[in-house]
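Below: one structure, written as structure tokens.
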Amino acid sequence: MKDLTFETLWAVFEEVFGKGLFWAMVLAAVVVTLAYLFVLIRDRAVSWRKFLWAQMSMPFGALGAVLFVQWATKSSFADLGGPIDVIVMLMVAAVGAIGLAILVYTLEALLVRRASE
Amino acid sequence: MRDILKEAHSRRAFLSMAAGAGAVAATGGARAARAQVQTKAHIVILGAGAAGAALANRLTERLDGAQITIVDGRAEHWYQPGFSLIAAGLKPASYSVSQTTDWLPKGVTLKADWAAEIDPEARKLRLQAGETLTYDYLIVATGLTLDHAAIEGFSLDLVGKDGIGALYAGPEYAARTWQAASAFVEQGGVGIFTRPATEMKCAGAPLKHTFLIDDIARDAGTRGKMDLTYAANNNSLFGVPIVAEKVRMLFGDRGIDAQYAHVLRAIEPGAKRAIFDTPEGRVERDYDYLHVIPPQRAPDVVRQSGLSWADKWVDQGWVEVDKHNLRHRRYPEIFALGDVAGVPKGKTAASVKWQVPVVEDHLVAQIAGDTAETSYHGYTSCPLITRVGRAMLIEFDYNDNLVPSFPGVIAPLEELWISWLMKEVALKATYNAMLRGKA
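Chains A and B, in that order, are what the protein sequence lines are. Counting the first sequence from 1 gives a position; our numbering is that position plus 1. Counting the second sequence from 1 gives a position; our numbering is that position plus 3.
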């Protein structure tokens with residue numbers, strides 16, 4: 002790699018997903034994050050009940066993210082060849098776990114709260 | 004000293020990342036901030052492939068008022084690193100096809116024609132349709148010619164049938180190669196994988212094809228019915244000794260037989276027989292699948308223009324350029340880029356990525372009446388696929404040194420999933436960004 006700058010990374014990600022999808026995904030991530038911050042501020046406390054459900058969703062997010070990446074790249078667990086491969090897989094799993102947990106917590110806070118009240 | 008420079012480079016890369024998106028967005032990136040050079044120069048670029056398109060995009064950012072003409076008769080742009088994937092049934096032919104015009108910047112004139120004659124003394128060239136162009140600066144980025152006729156009995160019509168593959172010839176031929184290869188995977192037999200004795204594009208590709216067919220046959224459960232032979236043109240499996248040794252070990256592991264100093268001379272498609280020139284004379288081998296990569300040469304128009312080396316590669320005709328700045332050694336207003344450049348290594352898109360900024364800097368400096376220090380050290384990279392799901396990210400330079408981009412993180416001689424991910428996911432994206440002049 003030469004000149005690994007943010008501009009390059011941006012350009013690469015735009016090409017990976019296409020301009021439209023990439024920015025849609027960035028937007029979705031921003032919206033979910035903002036919604037999460039919104040419910041935190043609105044409730045002025047972390048709801049441990051909701052957090053428990055979010056935590057329970059994490060393994061599914063982790064596994065889902067790993068399987069999605071493997072499916073998209075025609076690879077399998079048998080292809081892990083060295084430490085960096087395990088690290089990359091754990092990073093994918095962590096992103097999936099945290100992403101799904103935030104999504105579940107936010108959805109619970111926005112939707113289920115109304116129903117249970 | 005080299006280490007210090009390398010460290011400075013990687014630290015700079017890290018710092019520029021750490022500087023944050025805000026800072027980069029605010030300045031619009033370092034390149035855009037550089038002042039444009041005013042000029043009325045007419046720059047002609049022969050070839051709108053990876054090198055030509057990338058340079059055109061970068062020059063339009065660096066120069067103000069330049070007249071840039073790009074000459075290429077092919078309407079389609081081919082992402083050639085994808086051919087190996089197409090020829091293994093992993094991607095459709097369309098994966099590598101876009102339009103030449105998709106990648107060219109505004110303000111550049113495209114002549115959809117081929118150069119017929121170059122006159123470097125008079126600084127002009129004639130196109131096949133008859134039009135004459137004069138230039139102040141000429142960039143030769145024509146790519147190379149696949150000399151299929153040099154292999155007796157072979158023609159492109161044969162590709163895809165009767166066990167003949169030839170993935171270099173284009174996306175459609177890569178797809179037809181998979182037709183022949185997949186039939187071979189089902190039926191088994193003798194598979195022979197060749198490479199030419201000339202300089203060639205991506206010397207890793209013949210190896211990748213061999214490894215992929217081996218792996219796909221293992222998956223299909225038919226590997227036991229097969230004998231696979233890799234026919235090297237000389238006494239090595241790869242031009243970089245440390246990589247050649249690693250490949251030799253992998254071939255041993257996979258049960259792939261290596262034949263050395265076997266250069267494909269002729270085929271008898273009816274009899275399914277390949278004829279090789281070897282130091283011991285002609286050798287005949289029967290095949291059920293034969294992968295043909297023909298000798299590769301500079302296009303005739305280049306060879307007839309007097310731009311080629313007179314004492315090197317005389318049967319191939321690569322352009323006589325300085326290997327560090329890619330400027331022609333006899334005509335300082337001419338540069339050569341990409342496959343056609345007469346440098347010891349680097350007929351890959353990865354080389355192009357490193358060559359383009361060098362030519363850009365030297366050309367812009369020359370126009371401004373200045374000189375540039377930028378230098379190309381022969382960087383080439385090859386994500387050498389060793390099976391579906393794994394590759395080795397091999398990067399090296401003119402001196403056969405390994406120059407890993409991620410030392411200590413991505414080991415160059417290890418079969419890794421992350422290297423496969425780079426080839427499968429990030430490479431085309433990086434390539435496209437390069438075409439736009441952004442990587």
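Don't be surprised by glycine CBs; every beta carbon is placed ideally from N, CA and C. These figures come from a predicted structure and were not determined experimentally.
For arginine 393/B, the nearest beta carbon of chain A is closer than 8 Å to its own beta carbon. In the three-state reduction of the DSSP assignment, phenylalanine 196/B falls in the strand class, which pools E and B. Residues of the segment 56–77 of chain A with a C-beta less than 9 Å from any C-beta of chain B: Val70, Gln71, Ala73, Thr74, Lys75, Ser76 and Ser77, listed in chain order. Annotation for tryptophan 420/B: Gly392 and Arg393 place their beta carbon closer than 8 Å to its own, counting only its chain and skipping 5 residues before and after. The beta carbon of glycine 83/A falls within 8 Å of a beta carbon belonging to chain B, placing the residue at that interface. The beta carbon of threonine 148/B sits closer than 8 Å to those of Gln299, Arg300, Ala301, Pro302 and Asp303, all from its chain and outside the five residues before and after it, given in chain order. Residue pairing by DSSP puts glycine 284/B in a beta bridge opposite Thr281/B. For secondary structure counted as the alpha helix (DSSP H) over 4 or more consecutive residues, the segment 391–439 of chain B holds these complete runs in sequence order: 420–424 and 430–438.
Linking phenylalanine 254/B to lysine 275/B through their CA atoms gives a straight-line distance of about 24 Å. In this structure, glycine 50/B lies near glycine 146/B, with their beta-carbon atoms less than 8 Å apart. Taken through DSSP and simplified to helix, strand or coil, glutamine 369/B comes out as helix. Within the segment 320–346 of chain B, no residue has a Cβ lying closer than 9 Å to any Cβ of chain A. Nearest to valine 406/B by alpha-carbon distance, out of Val243/B, Gln307/B and Gln182/B, is Val243/B.
One thing to note: lysine 431/B has its Cβ no nearer than 8 Å to the Cβ of threonine 383/B.
Using a Cβ-Cβ cut-off of 8 Å, valine 13/A is close to Ala429, Ala432, Thr433, Ala436 and Ala442 of chain B, given in chain order.
Counting C-beta pairs with one atom in each stretch, the segment 154–162 of chain B and the segment 260–276 of chain B have three or more that are closer than 8 Å, which means they touch. Excluding five sequence positions before and after tryptophan 181/B, the CB atoms of its chain that fall closer than 6 Å to its own CB belong to Ala90 and Gly92, given in chain order. The three-state secondary structure of arginine 221/B, taken from DSSP, is helix.
By the Cβ test, the segment 302–318 of chain B is in contact with the segment 117–131 of chain B, since at least three Cβ pairs between them sit closer than 8 Å.
If the five residues before and after tyrosine 138/B are omitted, its C-beta is found closer than 6 Å to the C-beta atoms of His45, Val47 and Arg126, all from its own chain and listed in chain order. Non-local beta-carbon contacts of lysine 356/B in its own chain, meaning distances under 6 Å to residues more than five positions away in sequence, involve Met437 in chain order. Against alanine 234/B, chain A offers no close residue; the least beta-carbon distance is about 28 Å (beta-carbon pairs closer than 7 Å). Residue nearest to serine 158/B within the set Tyr176/B, Ala144/B, Asp314/B and Leu62/B is Tyr176/B (criterion: CA-CA distance). Taking a 10 Å sphere around the C-beta of serine 76/A, we find 16 or more other C-beta atoms and assign the residue as buried. The beta carbon of glutamate 363/B sits no closer than 8 Å to any beta carbon of chain A. With contact defined as three or more Cβ pairs closer than 8 Å, the segment 103–115 of chain A and the segment 46–53 of chain A are in contact.
Leaving aside the five residues that flank cysteine 205/B on each side, the residues in its chain whose CB is nearer than 7 Å to its CB run, in chain order, Lys350, Thr351 and Cys385. Valine 47/A counts as exposed, since fewer than 16 other beta carbons sit within 10 angstroms of its beta carbon.
In the structure shown, glutamine 41/B adopts extended strand secondary structure according to DSSP, grouped into three states. For glutamate 248/B, the enclosing alpha helix (DSSP H) starts and ends at 244–257.
Of the residues Ser87/B, Lys249/B and Ala235/B, the one whose Cα lies closest to the Cα of glycine 173/B is Ser87/B. Per the coordinates, the alpha-carbon of alanine 353/B lies some 37 Å from the alpha-carbon of threonine 34/A.
For the pair of segments examined, the segment 209–220 of chain B was found not to touch the segment 319–334 of chain B: the number of CB pairs separated by less than 8 Å stays below three. Counting other Cβ atoms within 10 Å of its Cβ, asparagine 402/B stays below 16 and is therefore classed as exposed. With respect to the 8 Å criterion, alanine 78/B and threonine 42/B are not classified as neighbours on the basis of their beta carbons. Put simply, the backbone Cα of threonine 433/B is about 45 Å away from that of glycine 284/B.
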